[in-house]
Amino acid sequence: MNFCSHCGSSALERRIPEGDTLPRWICSNCGTVHYQNPKVVVGCLPEWDGQVLLCKRAIEPRHGLWTLPAGFLENGETIL
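For the sequence shown, this note's numbering puts the final residue at 950, and the numbers step up evenly by one.
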């Protein structure tokens, strides 16, 4: 990766973001975390008694915002 896809900066570094366990490309200029091959593998919309369950994000991007339960498959990871 040579440039940030969010701001265009070349100030990228490979490190483990806070709250994560794997090294990622992170833009030092805008803080965007870049994931390799980010393909959604599962998501759901759980509903109970007329209300929808949401999760509060614990890591970047969008730390602290509400989201639907969902997940990504890492390179080399299988669903088995």
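The beta-carbon is built from N, C-alpha and C at its ideal position, and this holds for glycine as well. Keep in mind the model is a prediction, meaning the values are calculated, not measured.
Query	Result
Beta-carbon proximity check, Leu-938 vs Leu-915, cutoff 8 Å	yes
Spatial distance of His-876 from Leu-892 (CA atoms)	21 Å
Gln-921 - partner residues in DSSP beta bridges	Trp-918
7 Å Cβ shell around Asn-872 - same chain, five flanking residues per side excluded	Ser-880
Limits of the unbroken beta strand (DSSP E) element including Glu-883	882-885
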